[in-house]
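Chains as they are written, first to last, in this note's numbering: chain A, 1 to 447; chain B, 1 to 521.
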Amino acid sequence: MRYLPLSDADRQAMLARVGVADIDALFANVPKDKLLSGLVDLPRAKSELAVERELARFASRNVAAGAVPFFVGAGAYKHHVPATVDHLIQRSEFLTSYTPYQPEIAQGTLQYLYEFQTQVAMLTGMEVANASMYDGSTAASEAVLMAHRQTRRHKAVLAGNLHPHYRETIETVSRMAGNEVVALPPSPTGVEDIAAAIDKTVSCVVVQTPDFFGNLHDLTDLAAKVHAAGALLIAVFTEVVSLGLVTPPGEMGADIVVGEGQSIGNALNFGGPYVGLFATRQNLVRQMPGRLCGETVDKDGRRGFVLTLSTREQHIRREKATSNICTNSGLCVLAFTIHMSLLGEAGLQRLAATNHANAVALAEMLANVPGVTVLNETFFNEFTVKVPGKADAVVEKLAAKGVLGGVPVSRLLPCKPELADLILVASTEVNTDEDRAAYVAALKKVL
Amino acid sequence: MLNRQGRPTGPGEAGARAVTTFSGNSGLSQDEPLLFEIGRTNVTGVDLEEPKSPGKSRLGKLARRGGIGIPGLSEPEVMRHYVRLSQMNYGIDTGLFPLGSCTMKHNPRLNEKMARLPGFADVHPLQPQSTVQGAIALIGELSRWLQVLTGMPAVAMTPKAGAHGELAGMMAIKAAIAARGEKRSTVLVPESAHGTNPATAALIGYRVVSVPARADGTVDPAEVRARLNADVAAIMLTNPNTCGLFERDVVEIAAAVHEAGAFFYADGANFNAIVGKARPGDLGVDAMHINLHKTFSTPHGGGGPGAGPVVLSEALAPFVPVPYVVADAKGVRLVEHAGEPGAQPFGRMSAFHGQMGMFVRAMSYMLSHGADGMRQASEDAVLSANYVKASLQHVMSLPFGDQPCMHEVLFDDRWLEGTGVTTLDFAKAMIDEGFHPMTVYFPLVVHGAMLIEPTESESKHSLDRFIASLDGLARAAKAGDADRFKSAPHFAPRRRLDETKAAREPKLRWSPQEARKEAAE
C-alpha cells in the first residue's frame, strides 16, 4: 500500500519494543466478539491508475458547467477563477496545516485570516468579520442565534425572499432549539411588508439582497423600524460579487451581515465546500460565533497574529460557547483572499460591472421571446422569468438541447404551485454572446 | 582555498556571529507585510474584458457610491506574497505532526486531482438531476462504504464538519424522541469529551450532565447508570476516547442507555483507530459522525473545510435530513423535500447537498486503500502510538498506568514536577526540534495533558528521530536546563506571541485610519 511506510520487519521490531506478540494484543479492550477477524466486504486496495479510472467514470456522467451555455445560480455561481489561486492553495504548508493553535509556526494561516477578515469587513461595510463559517446558509442560522443571545428574545422574522434553503436551515435549528420563526411568503416581484411583522418580541429580521428572485432592496427604512423595536437587522447575500457594484448592507443599517463567498476563488463543487462570510459591528463582537484572528506582538516585539477571544468558543467554554463550530472553511477562505487580492477594488468593480452588463443583455433578449416575461425591476446578475407552462419541464427540455438555462423556482419551493412557471436565470462574466444566442434559440424551440 | 577567479571554495573563517539584517529577512525566511500595506486600490492582477454591452443599469438607486478600500496586487506580487506566507507555516508535508485527536495523516495528491475533475468541481448543485447522475451516484457509493465500515444502516451525508455532524445526529435523536411523544431534556457527556459535544447539546436546548472517568481513564457503566433516567435523551461518548483508550465497557453502556429509552451518540473523531477492526454498529451506537478530514484524509487546510457525515441506526434512519440519495429503477436521485413515504426528515442542515469536494477526496482515499489498506492503516496507527508510548514512558508519565493505547498516547505533566518547565514550554521546545507540538492541555481531565497521535503515515525512521528528540528534551528538562524551554521557540518565524494583549485590546482587522495614526507616531 503506497501510503503506508512501515514494512513487516518494522512492524515486528515495533511490536517487540512494545512487548506484545501481535497487533490484536493492542486491541485487547475491544470486546472479543466485536473484533473483526477478517476484512469487511469492500474491494481491495487499488493502484493510482485504477482509482483514476473508477472516479473518472463517475465524473464523466455529469455535465460540467464549462461545457455548455450555463445560466444556473440560485445561491451558487459559475465564475472564472485565476490559475494562481488554485496553485497557491495547494502549497503543502497551506493545504496540510491545521487550525493555527501554535501561532509561532502558523503565521502564514493567521496572516491570511487577518487579511480575509479585513476584506470581508470592507466589502460588507461592517467593522469586523470572523474567520469564516461553513457556508452562507449556516452563517445565516448562526446570525439568528447570535441575535437571540444579544437581545435575549427568541423570535426571528424571515423575509419571504430569503433563499428557501437558508430559511429551512434557520427553521431546523430554531425548531430544535425551541425558538420561534415567522417566515413571510415569497414575493417574486420583491414587494413585501416586512415591517408589519415586527413587534417588541422580535429579536431579528433576516432579509436578503439581492433577494432569492434577484431583486435589490434598500434596507435603510427597514433598519430604522427594526432598531426602533429593539431588534437587530441581519442582511444576507448569496452572490458576493454583487458587493462590487451595489450599496453594501453595512451602509444601510444592518447589524449583522452574512453571506456566501463561493463566487470568489471557489469552484461550484456541486454545492460544497463553500465559505460563509460573517460580519458585524464592533460592539457585538463578543457574541460572534466562530474563530477570530487578532494582531499582537511576540516576545521580541515583532508584529504577529493569533486566534483570539476564544473564550467564546467550544474548546474553552463548552456548553456555554457562542456556537459549536470548530472546523470552518480555512482553505476556501484562502482561495477567497487570494482571488480578492488579485482583483482588488478596481478588478472587483469591473468584474461586477461585466456580470451586470451580461445579465442586463440577457434579460433584454429573453424579454423579447414571445410568452416570456422578466419580473424584476432591479437585479444584479440574476433575475426571474415567467414562462408559459411548467418551469421545470422547460428547464429539462433546455438541458436536452444542451443549455443549462436556470433553476425552476419549484425545485426549491414545490409547495407553491403559483410559482411553478418561474425560472431563476443567472449570467456572469463567463457567458458570451454565443451563449446568450444559444439560450434564446433553444428557449424559442422548447416553448 | 581559492579557485582561478579568486572565488573562495572553502567555508573560510565563517563564525557563529548573530547578524541582524537590514531587510528584516533572514535568508530563506522572509518577512511579509500585510496585503493592505503593499497593495493599491487601483491595481488589479486580473485582466478582465471590457463589459460588452453596458446596457441600461438595473441597479435602481442601489449602485454603490463610495469606494471599497480593498487593494489589489499584480499576479507576480500575489504569488510572492502568499508563497512567503506559506513559508511561515508548518504542514504534514513539512514534518511529523503528532496533534492528538486531529489525525494529521498524509494527504494523497491523487485525491486533490480527482476532486478537480470538471465533472465534480465544475458542476452546479441545482442543475437538472438528469445532468448530474454521476455526482449523485458518487454520494450514494460513498454512503455505502461508510455504512459497511460502520455496520450502520443509514447515513446523513450533508453535515459540513464534525461539529455539524454532531448537530445532525443530536437533532435526529431529538426528532425520534419527539416522534414517540416524549420530551427529554438531559444529555450525558463524559468529562474527557471534545468541547463540541456539550456545545452541540446545549445549542439545541439540552442540559448537559457530566460523567466522571474512573482511575483507568475510561467511563464506568455504574456512573452512567447512576445518571440515567426518563429525562435523559442521549449519551455522547467518544470511542476510542480522548485519552486514547478504547471504552472497554461500551457494550454494557450502550445496553444501559437503551434500556433507559435513551440513545447512544458516538463522537467519531477517533474512528481512524478502528476502521476495519471493529464496527460502531456492533457496539450499540445509534449515531456517529465521521470526520472525513481526519479518518479519510481530506486535507485539514489550515482549519477546514471538513465534512461530517453521520451514520444512523435503524431507529434514527427515518429522520435523516434532506437532501438524501435514493436509488430506483430510473437511476439515482436526490430527495430534496419532505414527503417521501416512510421518511420523516427532521429538516435541512444547510443549503445544497453537502461537501461534494470532500466526498470525492474521501472516496479516492477509500478506493486507494481498499478494505485491506484501511485495516492496515488502523493497525499501523495503533502500533505507532504504542511504539511512541513504549519508548517514552520511562522518561515521561502516563496518567492511567501502563495499558495499551489506541491511535494516540496521552502523557501528563507529573514528570515535569520541580523542573520549572510546563507542558506549554515543552511544546514550544518541540518546535525548535523541527516538530509540530502534540495536542496540549486536552483532554481536560488530565493535568498538563500531552496527547500524541503519530498516525500511520510515519516511517520507523521518522518515529525514531521523533522519539530520540523527545527523549533528549525530557532529559534536558529533568537535568535543570529550564531556560531552553522557557525561551522557546528560538527557531520559528516568531517567538512566543502575547495572547493576553490580543484578547485585551482586540485588533481584528487592518484599518486605514489606524495605519495612518501609527505612521504618524
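Heads up, the beta-carbon is just placed ideally off N, CA and C, and yes, glycines get one too.
Distance, residue j Cα to residue i Cα
i, j, result
"B:A468", "B:I235", "41 Å"
"B:G6", "B:T20", "28 Å"
"A:I457", "A:N215", "Since the first residue of chain A shown is 1 and the last is 447, residue 457 of chain A is not available in this structure."
"B:L392", "A:C326", "31 Å"
"B:N89", "A:P388", "57 Å"
"A:L158", "A:V360", "29 Å"
"B:R214", "B:A230", "25 Å"
"B:V46", "A:T428", "16 Å"
"A:C332", "B:S185", "37 Å"
"A:M133", "B:F263", "29 Å"
"B:L228", "B:V257", "7 Å"
"B:A273", "A:K34", "14 Å"
"A:H217", "B:V123", "30 Å"
"A:A76", "B:W415", "54 Å"
"B:P309", "A:E377", "42 Å"
"A:E382", "B:E75", "30 Å"
Cβ-Cβ distance between residue i and residue j below 8 Å
i, j, result
"B:L117", "A:A59", "yes"
"A:V395", "A:G406", "yes"
"B:V155", "B:L292", "no"
"B:E408", "B:S101", "yes"
"A:L123", "A:C293", "no"
"A:L184", "A:V240", "no"
"A:V120", "A:A279", "yes"
"B:G140", "B:A327", "yes"
"B:H289", "B:G268", "yes"
"A:F237", "A:G253", "no"
"B:K183", "A:M176", "no"
"A:D135", "A:G330", "no"
"A:H315", "B:G302", "no"
"B:H436", "A:Q102", "yes"
"B:D498", "A:V297", "yes"
"B:A474", "B:V360", "no"
Cross-chain neighbours of residue i in chain D, by beta carbon under 7 Å
i, result
"A:V206", "No chain D appears in the structure shown, which is made up of the protein chains A and B."
Neighbourhood of residue i by C-beta, 7 Å cutoff - its chain only, sequence neighbours within 5 removed
i, result
"B:E32", "H81, R84 and L85"
"B:P321", "A156, T158, A168, P345, F346, G347, R348 and M349"
"B:S378", "N272, A273, I274, V275, G276 and K277"
"A:S97", "A106 and T109"
"A:D435", "P69"
Own chain, CB closer than 8 Å to residue i, minus 5 neighbours either side, in chain order
i, result
"B:P71", "L35, F36, I38, G39, R40, T41 and V43"
"B:A515", "F36 and E37"
"A:R149", "Q287 and T322"
Supposed contact pair residue j and residue i - C-beta distance, whole angstroms, cut 8 Å
i, j, result
"A:A357", "B:K52", "6 Å"
"B:V335", "B:P323", "6 Å"
"B:D412", "B:A449", "6 Å"
"A:K386", "B:S368", "In fact, because the Cβ distance is near 50 Å, the residues do not count as touching under 8 Å."
"A:F70", "B:M356", "About 17 Å separates the two Cβ atoms, so there is no contact after all."
"A:F336", "A:N266", "7 Å"
"B:S210", "B:C243", "Contact doesn't hold; Cβ gap of about 15 Å is too wide."
"B:P280", "B:M152", "7 Å"
"A:S341", "B:V78", "5 Å"
"B:T94", "B:E453", "About 17 Å separates the two Cβ atoms, so there is no contact after all."
"A:T151", "A:G230", "7 Å"
Cβ neighbours of residue i in the same chain (closer than 6 Å, five flanking residues each side left out)
i, result
"B:V421", "A477, A482 and F485"
"A:S137", "H165, Y166 and T169"
"A:Q349", "G244"
"B:P125", "F352 and H353"
Residue i Cβ short of 7 Å to the ligand HEM heavy atom set
i, result
"B:T422", "The ligand HEM is absent from the structure shown, which contains no ligands of any kind."
Next item on the list: Please go through the stretch 233–279 of chain A and give each complete beta strand (DSSP E) segment of 3 or more residues, from N-terminal end onward.
Entry: 256–260
Next item on the list: Mind listing, in chain order, the continuous alpha helix (DSSP H) runs of no fewer than 4 residues lying wholly within the stretch 376–400 of chain A?
Entry: 391–400
Item checked: Every unbroken alpha helix (DSSP H) inside the stretch 26–109 of chain B [4 residues or more] -> 35–38 and 75–86
Next item on the list: Go through the stretch 180–239 of chain A residue by residue and report every complete run of the beta strand (DSSP E) that reaches 3 residues or more, in order.
Entry: 180–183, 204–208 and 232–237
Notebook entry, point to check: Which ranges does the beta strand (DSSP E) cover as unbroken runs of at least 3 residues, wholly within the stretch 174–210 of chain B, from first to last along the chain?
Noted result: Whole beta strand (DSSP E) segments, 3+ residues: 186–190.
Notebook entry, point to check: What alpha helix (DSSP H) runs, 4 residues minimum, are completely inside the stretch 205–242 of chain B?
Noted result: Entirely contained in the stretch 205–242 of chain B, the alpha helix (DSSP H) runs reaching 4 residues are, in chain order, 221–227.
Margin query: I'd like the ranges of any alpha helix (DSSP H) spanning at least 4 consecutive residues and lying wholly in the stretch 108–187 of chain A.
Written below: 136–151 and 164–177
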